[in-house]
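Below is one structure, written out as structure tokens; the observations come after it.
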Amino acid sequence: MRRIWNPGVQEWFGRILIFSWIPGFLIFSASASEQVQIGSKKFTESYVLGEIAKRTLTDAGISAEHRQGMGGTIILWEALRSGQIDVYPEYTGTITQEILKRSDELTFEQIANELGKAGIGMTEPLGFNNTYALVMLRSRAGELGLHTITDLKNHPELKFGLTHEFLDRQDGWRPLAQHYQLNPQNVIGIDHALGYGALGKGSVDVKDAYSTDAKISENDLVVLEDDRQFFPQYKAVFLFRYALPTPAIEALRKLEGTIKEAKMTRLNAEAERTKNYTRAANLYFEDSSGSTRLRQGYGVASNTFGETFPHKLARWTARHLELAAFSLLLSVLVGIPLGIFASRGGAIGHAILGFAGIVQTIPSLALLALLVPLPFFGISVRTAIAALFLYGLLPIVRNTATGLQDIPRALRESAIALGLSPAARLWQIHLPMASRSILAGIKTSAVINVGTATLAALIGAGGLGEPILSGLNLNDHATILQGAIPAAILALLVQSLFDLLDRVLIPKGLRL
Amino acid sequence: MDRWRALVWRFLFHRGKLAAVSALVQLVGVSKTFGDAAAVHAIDLSVERGKTTVLIGPSGCGKSTLLRLIIGLLQPDSGQIQFDGTQLRADKIDIVRRHVGYVIQEGGLFPHLTARGNILLMARHLGRPKNEMLARLSELCALTRFPENLLGRYPLELSGGQRQRVSLMRALMLSPELLLLDEPLGALDPLVRAALQKDLKEIFARLRQTALLVTHDLAEAAYLGDEIVLVNEGRIVQQGSLADLREKPASSFVSEFINAQRSLAVI
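Chains as they are written, first to last, in our numbering: chain A, 8 to 519; chain B, -1 to 265.
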């Protein structure tokens, strides 16, 4: 009489719950509201300025958190306006063109007034003008005798590799080409850091750059002179919320006029050389007054500075798993019921499958950008989990629906004819019989989630995307691989974990 | 437990009834049409208590549809289906189903459950006591000549004949008043089929089981049935014993149908 009692529904469902909760660390990282939240854009200089702001505030006794590399201008602006961040470094030209959407050049006071209407304050310029510039290899420019942007007119055969942002900006490529009457045959969009590699290999001839970019001297590039004054002024400032406590604003204002072009270029170079933004930011304080130098080495430095690689890897992986696992859990809890509804066909069923299908076609980056301005989400782990959850939905919904629809009619009718209640039919007959298909859907979602979770770093949610992003930014393959290899291994592990789970969860009678 | 069951049965079907009715199931003018195939038209049929009634006819004639109407998988367009003189009510159908066993051609066994799991499924759902269920299980194994050591096997690990025996046990588990069998032996090879026919006949006799069997095999109908009902194109053509059908055919179709299934001995 061994094993007379087969596992009933409760046990079967229990198993699902248990495996769903395997990651015991699913705690939303609640950020303390007392902390000043500093944002930065996804490029070296913005990272360094963010670190400088953090150190300045910390030194003034104000607790601050720096959420690095959160994306582009609009994401940061929306985050600032809605109060998800309190401070971030910005440039006057960008404010005029991208935030205020003005095509004319505004005076500094006009800009400050306009921002004031949105409840946002602006420091005086920090001291350097980081304008856009077009750069070429020194040797290539010399060969062709190019010195100014006007000179490019005579060489339409040159290949332009421009960042996506520059291609789309109101003060970017199209008006520039119009202004200088350039008509090159070959213009492609390429990531900023990758573009430097392309310049070096000769696959592109001209690219856009920032005038304080450390890469310019590092790669022996020349800046083509803006001889017809197209590029507006891009003076660096900090934008902050008026709601910020006065001591914090005062501390930030101490940075005004203290960073000249040469210094910024040096800090950028230091950041790219050491791959450590905190250390580059500390260099700013070392160069400044003696009193600051004395304080160097405590506070901020303990955060990322000096963290060993295994420790960092563990932190990234834990966060990565947290993102993937929590979103998968949500996908399972929502996807299976939706799949059950969808399996019944009809208008609602089609609508559910259609919705899940449409979500899947939205590029992940676009989905993140769409979620960020929404009130509950913003720049947070929540947003990353929500996006991953939506992506994980389709395979689970579709596989649940198909699995249920594939149950032969004769068996459905047998269950009815026995007199089982609808709930008992679902739990004891339909779901176990569809379990193979449902689990296959969950497995697909899990692998997709582990892969897509790398994008969470774009909105500062961390994970293994962090080294991938900063590696892309620094054009450093080793750093990219630090994230890419563990992510790939993780995907394989998740795959095999689910292969094992199949054996536990799919009833034996279906595996014969 | 039997007393409890009898009480429910009384409550459902004998309310206010004084006279005993000999027909357990009565179909009065039952019609069901859908698309074109397997429809039934104005069927009157009685299933007598303790007897085996066989529905026979060419495929698509509507005989399976009648079983599906009785078990409530289909609702009639018009007409009445009565159990024990009381009309079948849609909201009580699940309770009625517990008093009706249903066996189909491929067994309808759930592949994720063992033979035991299939047989006990409904009893467990109703929370019947363990030892009562196990006693009944042994009883059924003996009755259907199914080896008890195979109870732990999954349907896919059983032969076709064994599967039908399990299916029969599942249908008999709750001691149903009525057993519906829809071509239960249709997919089996001749030897297994003959053995099962013999066993079925014994089981029906021993349990005094009221049964309604669908088949297209006249020999099977004659062997198992007390009453043969010949159906064609959704209508009852003739009802009676095989001798009645053979000697007093109601129409040329009846003769044609009987002649088409002549046995080897006749050839």
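Glycine is no exception: its CB is placed at the ideal position from the N, C-alpha and C atoms.
Residue(s) in a DSSP beta bridge with residue i
i, result
"Met129(A)", "Leu246(A)"
"Ala140(A)", "Ala216(A)"
"Arg233(B)", "Asn230(B)"
"Asn193(A)", "Lys166(A)"
"Pro96(A)", "Phe245(A)"
"Val38(B)", "Lys30(B)"
"Gln44(A)", "Glu72(A)"
"Glu172(A)", "Paired residue(s): none; Glu172(A) is not in a bridge."
"Gly238(B)", "Ile226(B)"
"Leu25(B)", "Leu43(B) and Ile79(B)"
"Val212(B)", "Leu53(B) and Asp180(B)"
"Gly99(B)", "Leu177(B)"
"Glu232(A)", "Thr155(A)"
"Gln85(B)", "Gln80(B)"
Neighbour-count burial assignment, residue i, 16 or more Cβ in a 10 Å radius
i, result
"Thr461(A)", "buried"
"Val38(B)", "buried"
"Asn116(B)", "buried"
"Arg62(A)", "buried"
"Arg181(A)", "exposed"
"Arg161(B)", "buried"
"Glu164(A)", "exposed"
"Ile102(B)", "buried"
"Ile201(B)", "buried"
"Pro127(B)", "exposed"
"Arg326(A)", "buried"
"Ser57(B)", "exposed"
"Asn456(A)", "buried"
"Asn257(B)", "exposed"
"Val75(B)", "It should be noted that the sequence gives Asp, not Val, for residue 75(B). When all chains shown are included, Asp75(B) counts as exposed."
"Asp82(B)", "buried"
"Pro252(A)", "exposed"
"Gln91(A)", "buried"
"Gly264(A)", "exposed"
"Glu268(A)", "exposed"
"Leu133(A)", "buried"
Beta-carbon proximity list for residue i, same chain, < 7 Å, skipping 5 on both sides
i, result
"Ile69(A)", "Val43, Pro254, Ala255 and Ala258"
"Gly158(B)", "Ala185, Leu186 and Val190"
"Phe255(B)", "Leu228"
"Gly60(B)", "Ala36, Ala37, Val38, Val229 and Gly232"
"Asp111(A)", "none"
"Arg518(A)", "none"
"Lys160(A)", "Tyr187, Gln188 and Leu189"
"Leu401(A)", "Ala363, Gly364, Val366 and Gln367"
Same chain, Cβ closer than 6 Å to residue i, neighbours up to 5 away in sequence not counted
i, result
"His97(B)", "Pro174 and Glu175"
"Gly223(B)", "Thr50 and Val52"
"Ala220(B)", "Leu240"
"Met440(A)", "Ile414"
"Ala463(A)", "Leu330, Ala391, Gly470 and Gly472"
"Arg163(B)", "Thr142 and Phe144"
"Gly238(B)", "none"
Sequence-distant residues of the same chain with beta carbon closer than 8 Å to residue i, five excluded per side
i, result
"Lys49(A)", "Gly76, Met77, Gly78, Gly79, Leu465, Leu476 and Asn480"
"Gly207(A)", "Leu144 and Asn226"
"Leu290(A)", "Arg273, Leu274 and Glu277"
"Phe384(A)", "Leu378, Thr390 and Ala393"
CB contact check: residue i to chain E, cutoff 7 Å
i, result
"Arg126(B)", "Looking for chain E here will not work: the only protein chains present are A and B."
Secondary structure, beta strand (DSSP E): runs of 3+ residues fully inside the stretch 59 to 85 of chain A
71 to 74
Could you pull out every unbroken alpha helix (DSSP H) segment of at least 4 residues lying fully inside the stretch 301 to 386 of chain A, listed in chain order?
316 to 350, 353 to 368 and 371 to 378
Pairs of beta-carbons, one from the stretch 240 to 252 of chain A and one from the stretch 186 to 201 of chain A, closer than 8 Å: are there three or more?
no
Validate contact between the stretch 416 to 426 of chain A and the stretch 105 to 120 of chain A using beta carbons, cut 8 Å, 3 pairs
no
Does the stretch 388 to 406 of chain A come into contact with the stretch 336 to 346 of chain A, if we say contact requires no fewer than three beta-carbon pairs (one atom in each stretch) closer than 8 Å?
yes
Three Cβ pairs or more, each shorter than 8 Å: is that satisfied between the stretch 93 to 107 of chain B and the stretch 243 to 254 of chain B?
no
For a minimum of 4 consecutive residues, which ranges assigned as the alpha helix (DSSP H) are wholly contained in the stretch 410 to 485 of chain A?
416 to 425, 438 to 459 and 472 to 481
The stretch 142 to 156 of chain A in contact with the stretch 208 to 223 of chain A per 3-pair CB rule at 8 Å:
With three or more CB-CB distances shorter than 8 Å, the stretch 142 to 156 of chain A counts as touching the stretch 208 to 223 of chain A.
Tell me, please, whether the stretch 442 to 456 of chain A touches the stretch 327 to 339 of chain A by the rule of three or more beta-carbon pairs shorter than 8 Å.
yes
Fully enclosed by the stretch 119 to 157 of chain B, which alpha helix (DSSP H) runs are 4 residues long or longer?
128 to 142
Taking contact to mean 3 or more Cβ pairs, one atom from each stretch, closer than 8 Å, check whether the stretch 56 to 73 of chain B and the stretch 140 to 158 of chain B are in contact.
no
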